[in-house]
Amino acid sequence: MRIEGIFGSTIELLGKSVDLRAKNHNLIASNIANAETPNFVPKALAFDDELQSALKNNSSGQRSSAIPNQRHIPVRGVGTALQSVSGKVIETPAKTPGNDGNAVELENEMGKMAENQVLFNASVQLLTKKFDGLRTAIREGK
C-alpha cells in the first residue's frame with residue numbers, strides 16, 4: 006500500500022495547521038504581555054493564503070521544489086508544499102495607538118486568542134479522529 010493511502014494530505018494539513026496555530030498563539034500571547042509596553046506594535050502569523058495555495062498545489066499534483074533537507078528522499082504523495090508553509094509575521098497595530106505609542110488593543114487580542122484556540126482545538130480533534138480511525142482499522146485487520 007502506498008504511503009498516501011494511509012497518511013493522506015488531510016493528516017499533513019491538520020498537523021501543519023496545529024503547528025502554525027501554536028506559533029500564532031505565541032505571538033498573540035506576546036502581544037497581550039506587551040499591552041503596556043511603550044511603542045509596541047502587535048504581531049500575528051498570516052498563513053491561511055499560503056496554506057490554501059500549498060493545498061491547491063498538492064491536490065493538482067504539482068510539487069514544491071522546496072525540500073526541507075536535501076538528504077531526505079522525497080516520497081510520492083507527501084506534500085512538500087505543505088511542509089514548506091511557515092507563515093508570515095505581520096504587524097497588526099490598533100487603529101488608534103495609545104499616548105505612549107502602544108498599538109495593542111487588549112480586547113482585540115483576547116478575541117484573536119480565543120478564535121485561534123478554537124481553531125487549534127478543532128484541528129487537534131480532527132487529527133485525533135483520523136488516528137482513531139487508523140487505530141480501529143489496524144485492530145480489525147489483525
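Under this note's numbering, think of the first position of the sequence shown as 6, with each following residue one higher.
Even for Gly, the Cβ is constructed at its ideal location relative to N, Cα and C.
Remember, it's a predicted structure, so these values are computed and weren't measured experimentally.
Rounded to whole angstroms, the gap between the alpha carbons of lysine 135 and lysine 61 is 21 Å. No residue range can be given for valine 109, since it is assigned to no alpha helix (DSSP H) and is classified by DSSP as neither H nor E. Contact check for leucine 131 against leucine 19 passes: the beta carbons are separated by less than 7 Å. Sequence-distant Cβ neighbours of leucine 87 in its own chain, meaning closer than 8 Å and more than five residues away, are Ser14, Glu17, Leu18, Lys21, Leu56, Ala59, Leu60, Asn63.
Following the DSSP letters along the chain, one finds glutamate 96 inside the beta strand (DSSP E) bounded by residues 93 to 96. Its Cα nearest to that of methionine 118, the residue His30 stands out among His30, Gly146, Glu145, Asp24.
If you draw a 10 Å sphere on the C-beta of threonine 101, you find fewer than 16 other C-beta atoms in it, and that means exposed. Lysine 21 carries a helical assignment under DSSP once its states are collapsed to helix, strand and coil. Using a Cβ distance threshold of 7 Å, valine 109 and alanine 40 count as a contacting pair.
Residue burial is scored here from C-beta neighbours: isoleucine 95 has fewer than 16 other C-beta atoms within 10 angstroms and is therefore classed as exposed.
If you ignore the 5 residues before and after leucine 111, its C-beta comes within less than 6 Å of the C-beta of Ala40, all in its own chain and listed in chain order. Around the beta-carbon of isoleucine 33, 16 or more other beta-carbon atoms lie within 10 Å, marking it buried. The straight-line gap separating the alpha-carbon atoms of glutamate 114 and threonine 42 is approximately 15 Å. In the three-state reduction of the DSSP assignment, lysine 28 falls in the helix class, which pools H, G and I.
Going by C-alpha positions, glutamate 145 is about 12 Å away from aspartate 137.
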